[in-house]
Amino acid sequence: MTGKSLWYENDSRFIPGHYQPATLIDLALSREIDSHRLLRGTGLFHEDILAGQTRLSPQQFVALIGNSKRLLDADDSSFLFGQRLLPGHYGAASHALRHAQNLHQALDTLVLQQALLSPLVTPQLVLDEQYAYVYWFDSCGAGEQWRFLLEASMTSLVAMSQWLSGQRLPWQCSFSYDEPRYVEQYWVHLGEQTQFQRPLDMMRIPRQYLTQAWPGASATAGQVARQEAQQQLEQLGHASSFLGCLYRYLQSHVRQAPSLEQAAQAFGMSPATLKRKLHKHDTGFQQQVDLVRKHVALYLYQVKGLSNEEVAAYLNFNDPANFRRSFKRWTGSTPKLIRQLFSGA
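Numbered according to my numbering, the sequence shown spans residues 2 to 346.
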């Protein structure tokens, strides 16, 4: 089913140093952080990044984020980084974003060009009758830097859509963790409707904002840029991460709940190799299965409005008590509480 060239892993060196990493480096340098201290332990040199030749792996980028966070030691670092991320200066993919005709086209471009525009965080777009939802997933095992990346990613989308639309759009941002002590940074950069202790890390916006025309966009320039960006992706050899590919496989087979052995066979590798790759990304097979089933269950509740019994049946749980136990393990909550949360969202 899948060839190795279709995905990147956390040690694949493909991220141009003068793209997103340079944005973070410049932010740190603007606050008088020494470049040698900033790059210590990453295997990178500032001169090589300036020369435009360096390619980073996700691991190196995450290490750079860890150094930056520690040296900057400021609550607004991730948000300031996010404000600078999109559309960015990343070649054709950034030009495609810059000339998006509307929010829907921008989101489609961001999802399609994720490996170029957001290599560490995977966005997923879901629509229902009222809202557009953007979910964010960890592409490569970011570990303790995940919150920084999530804050930056959501900020990047809010800031870009405000700039290109010419207005502050009514995004609502939700986070799965507790309200942090620096909550005012969320209010400033993401809006005062930001919520915590929610089931998923996601953003939503009323659907009517998807198709409002954005001023300053060139349809011709945008179309050419999207074609060039697609060629760039093809040259790169992969459009998403290994975890992203596994997620989509498990999602498409969620009702069958494939075993480790079945998944390994589908990916053309031994079970031991699959386990080793997952361990390298700081996760395990059951964790990924649970993540997908959690997301599908929440989607069925929130977007499709299904009942507990219907969700359990869709996921092939014959015993309602077993489904409740599994659901609580995935989400930390019961199906009843989750339904109440969504009905009052």
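C-beta atoms are modelled at their ideal positions from N, C-alpha and C, and glycine is treated no differently. Nothing here was measured: the structure is a model prediction, and the numbers come from that model.
Going along the chain, which residues of its own chain have a beta-carbon closer than 6 Å to the beta-carbon of residue 292, five neighbours each way excluded?
none
Residue from 283, 28, 72 and 212 with nearest C-alpha to residue 170: Nearest C-alpha to residue 170: 212.
| query | Is residue 333 buried or exposed, if buried means 16 or more other CB atoms sit within 10 Å of its CB? | reply | Residue burial annotation: residue 333 is exposed, with fewer than 16 other C-beta atoms found within 10 angstroms of its C-beta.
Q. Under a three-way DSSP split, which group does residue 284 fall into?
A. coil
Look up residue 15 in the DSSP assignment and say whether it is helix, strand or coil.
Coil, per DSSP.
Cutoff 8 Å; reference residue 112; Cβ partners in own chain excluding five residues on either side:
124, 125 and 126
Euclidean distance between Cα positions of residue 234 and residue 321: 45 Å
Note down the Cα distance separating residue 110 from residue 193, rounded to an integer number of angstroms. Spanning the two alpha carbons is a distance of roughly 27 Å.
Residue 70, buried or exposed, once every other Cβ within 10 Å from all chains shown has been counted against 16:
A buried status is given to residue 70, since no fewer than 16 other beta-carbon atoms sit within 10 Å of its beta-carbon.
*Give the DSSP-derived three-state secondary structure of residue 155 in the structure shown.*
helix
| Residues near residue 262 in its chain [Cβ-Cβ closer than 8 Å; skip 5 each side] | 272
#### Entry: Residue range of the beta strand (DSSP E) that includes residue 132
132-139
ask   = From which residue to which residue does the alpha helix (DSSP H) around residue 38 run?
value = Counted as a single uninterrupted DSSP element, the alpha helix (DSSP H) harbouring residue 38 occupies residues 36-40.
- prompt: According to DSSP, what are the bridge partners of residue 206?
  reply: 133
Practice prompt. Please confirm whether residue 107 and residue 121 have their CB atoms less than 7 Å apart.
Written response: For residue 107 and residue 121, no; Cβs fall outside 7 Å.
> Is the segment 85-96 touching the segment 252-259, taking contact as three or more C-beta pairs under 8 Å?
Replying inline: no
Q. Nearest to residue 214 by CA position, among 37, 104 and 147, is which residue?
A. 104
Review point. Between the C-alpha atoms of residue 74 and residue 310, what's the straight-line distance to the nearest angstrom?
Key: Put simply, the backbone Cα of residue 74 is about 48 Å away from that of residue 310.
| Between which two residues does the beta strand (DSSP E) harbouring residue 128 extend? | 122-128
Margin query: Using C-beta distances below 7 Å, list every residue in its chain close to residue 188, excluding the 5 sequence neighbours before and after it, in chain order.
Written below: Cβ neighbours of residue 188 beyond the five flanking positions: 195.
* According to DSSP, is residue 147 helix, strand or coil? -> Correct three-state label for residue 147: helix.
Whole-number beta carbon distance between residue 245 and residue 140, since they are thought to touch under 8 Å: 6 Å
*With 16 as the cutoff for other CB atoms within 10 Å, does residue 2 come out buried or exposed?*
Because the pLDDT at residue 2 is just 41, under 50, the model does not fix this residue reliably, and the value given afterwards should be weighed accordingly. When all chains shown are included, residue 2 counts as exposed.
_Endpoints, beta strand (DSSP E) assigned at residue 231_ = Note, residue 231: premise wrong, no beta strand (DSSP E); alpha helix (DSSP H) at 220-237.
Between the Cα of residue 300 and those of 286, 252 and 198, spot the shortest distance and give me the residue it belongs to.
Measuring from the Cα of residue 300, the nearest candidate turns out to be 252.
Applying the criterion that 16 or more other CB atoms from any shown protein chain within 10 Å of the CB defines a buried residue, is residue 227 buried or exposed?
buried
- Task: Please list, in chain order, all residues of the same chain as residue 166 whose beta carbon is under 6 Å from its beta carbon, the five residues on each side excluded.
- Result: 215
- Task: Please report the residue range of the alpha helix (DSSP H) in which residue 194 lies.
- Result: Residue 194: not part of any alpha helix (DSSP H); DSSP gives it neither H nor E.
Select from 49, 205 and 221 the residue whose C-alpha is nearest the C-alpha of residue 158.
205
(message) What does the alpha-carbon distance come out to for the pair residue 313 and residue 63?
(response) 37 Å
Notebook entry, point to check: Count the other CB atoms within 10 Å of the CB of residue 207; is the residue buried (16 or more) or exposed (fewer)?
Noted result: exposed
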